[in-house]
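Chemist: To start, I am sharing the structure in question, which I have written as structure tokens.
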Amino acid sequence: MRSIVNYFDYLFRSTKGLILVAISVVAIITAIWGSLSGPAAEWGIKDITVRLLGMTLLPLEREGRIIMLYHTIAMAIVAIEVYLITSIVPMKKEQQSTINGTITVGYLTAIIFGLWFAYFGHNYLFHGLFLVGQSLVFFAGILLAKALWPWNKQYYVANQEYAHTKKGVDLERVAFFTMALATLGSAMFGAVTGSYWSNGHETFLAENLIRNPHKTALQLSIIGHLHIMLTLVCVAITLVIGRWLNFKGIFHKIAMPLMISGTIVITLGVWTVVPYEYIAHKFIYIGAVLTMSAALMLVIFGWRKLISERLAELGLEKPGFWISLKALLHDPLKFGPLWQMVFMNFTVSGVGIFMAVKLEKIFRVWPFMEERITLTGHWHILSALVATIILMYYADICGLKGKKRQWFGWIFIIGSDIAFLSMTIFSMKRLIVTEYYQQPVTDWTMLLADIGLSALLITLAVLLLWRLFDLFSKDGLWQQEQKNPEVDLNRTSAPAPLSSSNEYNVSGKEVA
Amino acid sequence: MKKALYLTLTFSMLIFAACNRPDDVKISYIETGVNPDSWALVPAGVFMKGLHNHETKIDHDYEIMVTDVTNAQYAKYLNEALAKGTIKVVDNKVMGYYPGEEFNGYLHEFEIKAGDKLHVPLGEPGLRIKFDGKVFSPEKGWENHPMVMVSWFGAKAYADFYGLRLPTEIEWEKAARGTDTRAYPWGDEIELNQANFYASRDPFEKPFGKQGSTTPVGFYNGKKYDGYQTKKGLSPYGLHDMAGNVWQWTGDDYPDLHYRFMRGGSKISYGFGLRVWSRNAAAPDFHAISVGFRCARDPKKNG
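Heads up: the sequence lines are chains E and B, in that order. Per this note's numbering, the first sequence starts with residue 1, numbered consecutively. Per this note's numbering, the second sequence starts with residue 513, numbered consecutively.
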């Protein structure tokens, strides 16, 4: 009995345990639902999954099923980000546990009953519970926003190297707070529209409407909702990674105002899509430039830091280019998340800009189905890049060291980048090959994408299996994590001395 | 070691690329027993339109071709139209006059001005019609495959030439779906041997790869071809290929848009892309190896 309580305590009350559970849940969903489309469907694996699990997949309901699947996975990703935020941003422990408890019940309820409703017959009680789960996640968001309130003196910056106002307000906390508020508003943007379902609003996938010149207000709301939610997930993970790397100094002081203003501008830009679609895009572009510039500051800071720390370890003072490069690459788990932010520009932002520049010559001429592939590829890649960043951070939290750390990190970076680059080439293949000759390009890009993703998923499976077996170990890592449940990093403020911080969530070790 | 690996990779890439060269593939004529000159009557009345089953009324009877227009039919038309002077061949392209259309300057809208428009690009890979400078003829073995590489202008010109028209989207959808809420022309499930779609393992995927090639019109009629058993893929009104094989141009010209819409999915669509409400769209001069058309007509005029 005691061990069950122990397990529960670790898995559902410690930050590290909660993240492990959420990652495992997403991994299981990815493994099962990933077999329903793409090459797995071509190879007949879909039929086996459907038969084994007794799924009901009516063609008429595909769009609705997919929307519910996206929402369930998104809830888990949001939960992981919230666990990280409540651990790294100082707040009271009771706030942390209330937020984490609420969002955990919320996302698990949404996932279990959402998927049950969507894929295993339609019991409307389950649909109701799916909505209850999402509502709890939203409520946890309100609690989070309250906990992140930045104008509380005890959360003013502890170190002048962190971005702050003249009075000492922690601008990174303001950025987290802004992101949380923007997320709540943007979630409502979708939820209010969803409440009109069967009362003027009909299920649709946004990519299918791209060429409808006149979209309804409800359709524009949904299109805005999905874009801004993913954007804000990216903003959140950028802030989290910044804290992990102890982002500070001049780059931090430039980045935080950019991130705050960018988050506000892009969010308001998206919200105004409904009444002022034309002007809205201008704001969205400005907001995107601001937030991406903030991310660029983080990348510059992070890479400089990785290089200088490694060179200091090696005792080198005047290294050449190659030594510096080697130093930059020596820790793939810390290099990886920043690299993925750069790589994102080749596979997501770059493609978007290219599409905009070549609109006249390409996208007003190409068939809709080609444009649709590019659109779906673009946001799948962005979501997956965020996932790899989270997983690399989680591997660091697990304490992977030595060769394991190298293998995990490099397989993640190389595997995902091969896959995403291949998918980008696949989605833009019409630029290099006609439909008549496209089969080899399709085959090669699909093959490389499968190899990259398989390598990544197998590596993740190995990590999760290790953590599973570890749970049965007498002196497992999980027990150490239970004793030290928060992530170890430097926090921007210190509301109480660490040694006596019973009231606050700052029990994680400070990292030099 | 590294050199060997590099050479192996390069060699395998070349081999891989060399396979599935569609130009090298020769096919034989397959008789399906389906007459491409036949028509089906679709009566006026209500049907359920789109994913959300909106009750929609069509207030007139109409007839629609049982199959897509074939290469043989289109080649015959080209010869007749060339003789009559309604089309011309310029720079190895079949061109024809189009009177232009209203332009509102809406976001992303292209202006379509009056003038000669591309119907069919001759000599482009994938086109199965040859032109010797005087006469158009279908390539051997491809006579009863759907005409592809034809633009919307080319499809409309064919229909106009014979006093026909391209079906509107709702005419097309009712002809494919009938009056119930089925997802595919024959019901709610799709099987690999019921339509020509991506990775459906039809006999044409062996030489051409997973995207295959067009199949002869009416191929999925329950017959067995050289060991390959097909399943009937007919619509409620007896139409063939309303799901898969080639996208089919429809006739609507919507305001604020220069795009024309296509229906039915194609050999490069996944199975779900063949549902009766699936749409594709492109500029009217777009042409591809997965795009064809069929015609509709008013029964009173032809009855």
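Glycine included, every Cβ here is placed at the ideal spot set by N, Cα and C. Everything numeric in this text was worked out from a predicted model, so none of it was measured.
List, in chain order, every chain E residue whose beta-carbon is nearer than 8 Å to that of Tyr-618/B.
Modeler: Per Cβ cutoff of 8 Å: Pro-213.
Chemist: Can you give me the start and stop residues for the alpha helix (DSSP H) that Gln-480/E sits inside?
Modeler: Start and end: 477-483.
Chemist: Ile-570/B bridges to which residues according to DSSP?
Modeler: For Ile-570/B, which the question treats as bridged, DSSP gives the partners Gly-557/B.
Chemist: So what does DSSP say about Thr-263/E, is it helix, strand or coil?
Modeler: Here Thr-263/E sits in helix by DSSP.
Chemist: Please report the straight-line C-alpha distance between Ser-499/E and Leu-218/E, rounded to a whole angstrom.
Modeler: Residue placement at Ser-499/E is poorly supported in this model, since its pLDDT is 45, which falls under 50; the coordinates still yield a value, given next. So the two alpha carbons sit approximately 52 Å from each other.
Chemist: Going by DSSP, what residue range makes up the alpha helix (DSSP H) through Pro-862/B?
Modeler: Here chain B covers residues 513 to 815 and nothing more, so residue 862/B does not appear.
Chemist: Chain E partners of Pro-637/B, CB-CB under 8 Å?
Modeler: Those within 8 Å of Pro-637/B in chain E are Thr-434, Tyr-436 and Tyr-437.
Chemist: Give a yes or no on contact between the segment 358-373 of chain E and the segment 308-324 of chain E, applying the rule of three or more CB pairs nearer than 8 Å.
Modeler: The answer is no - the segment 308-324 of chain E does not touch the segment 358-373 of chain E, with fewer than three Cβ pairs under 8 Å.
Chemist: Anything in the segment 622-635 of chain B with a Cβ closer than 9 Å to a Cβ of chain E? List those residues in chain order, please.
Modeler: Those would be Phe-622, in chain order.
Chemist: When burial is assigned at 16 or more other CB atoms within 10 Å of the CB, is Glu-543/B buried or exposed?
Modeler: That one is exposed.
Chemist: For Gly-302/E versus Phe-412/E, is the C-beta spacing smaller than 9 Å?
Modeler: No; because the gap between Cβ atoms is not below 9 Å, this pair is not in contact.
Chemist: Taking the alpha-carbon positions, what's the Ala-175/E to Leu-239/E distance?
Modeler: Roughly 8 Å separates the two Cα atoms.
Chemist: Which term fits Arg-713/B, buried or exposed, when burial requires 16 or more other beta carbons within 10 angstroms of its beta carbon?
Modeler: So Arg-713/B counts as exposed.
Chemist: From Tyr-278/E to Tyr-618/B, what does the alpha carbon distance come to, in whole angstroms?
Modeler: Roughly 12 Å separates the two Cα atoms.
Chemist: Indicate whether the contact test is met: 3 or more Cβ pairs, each with one atom in the segment 435-455 of chain E and one in the segment 549-562 of chain B, closer than 8 Å.
Modeler: Flag = no, the segment 435-455 of chain E and the segment 549-562 of chain B do not touch.
Chemist: Considering only C-alpha positions, which residue in the set Asn-6/E, Leu-209/E, Thr-267/E and Phe-426/E is nearest to Thr-374/E?
Modeler: Here the closest residue by C-alpha is Phe-426/E.
Chemist: Between the alpha carbons of Ala-512/E and Gln-479/E, how many angstroms are there, rounded?
Modeler: The predicted position of Ala-512/E is uncertain, since its pLDDT is 47 and thus under 50; no value can be drawn from it.
Chemist: Give me the Cα-Cα distance between Gly-666/B and Trp-759/B, rounded to the nearest whole angstrom.
Modeler: The straight-line gap from Cα to Cα measures roughly 14 Å.
Chemist: How about Ala-795/B: is its C-beta nearer than 9 Å to some C-beta of chain E?
Modeler: Judged by the 9 Å Cβ criterion, Ala-795/B is in contact with chain E.
Chemist: Hey, Leu-751/B and Asn-733/B: beta-carbon distance below 9 Å or not?
Modeler: It is not a contact, given that the beta carbons lie outside the stated cut-off.
Chemist: Going by beta-carbon coordinates alone, are Ala-312/E and Ile-85/E separated by less than 9 Å?
Modeler: Not a contact, by the Cβ cut-off of 9 Å.
Chemist: Is it a yes or a no for the segment 581-596 of chain B touching the segment 634-653 of chain B, going by three-plus beta-carbon pairs under 8 Å?
Modeler: Contact between the segment 581-596 of chain B and the segment 634-653 of chain B is present, because at least three Cβ pairs lie under 8 Å.
Chemist: I want to see whether chain E comes within less than 9 Å of Lys-743/B, judged by CB atoms only; does it?
Modeler: So, not an interface residue.
Chemist: Using a Cβ-Cβ distance under 9 Å, would Gly-763/B count as near chain E?
Modeler: So no, Gly-763/B is outside the interface.
Chemist: Over what stretch of residues does the beta strand (DSSP E) that includes Val-858/B continue unbroken?
Modeler: The first residue shown for chain B is 513 and the last is 815, placing residue 858/B beyond what the model contains.
Chemist: According to DSSP, which residues form a beta bridge with Val-803/B?
Modeler: Val-803/B pairs with Trp-759/B.
Chemist: When you compare the CB positions of Thr-492/E and Arg-173/E, do they come within less than 9 Å of one another, or not?
Modeler: Yes, Cβ-Cβ distance for Thr-492/E and Arg-173/E is below 9 Å.
Chemist: Please state the DSSP three-state secondary structure of His-378/E.
Modeler: Correct three-state label for His-378/E: helix.
Chemist: How big is the Cα-Cα spacing for Met-577/B and Gly-804/B?
Modeler: Computed Cα separation, rounded: 13 Å.
Chemist: So which of His-631/B, Glu-651/B, Val-632/B and Leu-634/B has the shortest CA-CA distance to Arg-640/B?
Modeler: Comparing Cα-Cα distances from Arg-640/B to each of His-631/B, Glu-651/B, Val-632/B and Leu-634/B, the minimum goes to Glu-651/B.
Chemist: Look up Met-754/B in the DSSP assignment and say whether it is helix, strand or coil.
Modeler: It is coil, neither helix nor strand.
Chemist: Am I right that Tyr-586/B and Tyr-670/B are in contact with their C-beta atoms under 8 Å? What's the rounded C-beta distance?
Modeler: Rounded, the Cβ-Cβ distance is 7 Å, consistent with contact.
Chemist: Using C-beta distances below 7 Å, list every residue in its chain close to Ile-67/E, excluding the 5 sequence neighbours before and after it, in chain order.
Modeler: Thr-203, listed in sequence order.
Chemist: For Ala-191/E, which residues does DSSP report across the bridge?
Modeler: According to DSSP, which records beta bridges pairwise, Ala-191/E is partnered with nothing at all.
Chemist: What are the residues that DSSP puts in a beta bridge with Met-577/B?
Modeler: Paired residue(s): Trp-551/B.
Chemist: Are the Cβ atoms of Ile-266/E and Ile-241/E separated by less than 9 Å?
Modeler: Their beta carbons are not under 9 Å apart, which means Ile-266/E does not touch Ile-241/E by this criterion.
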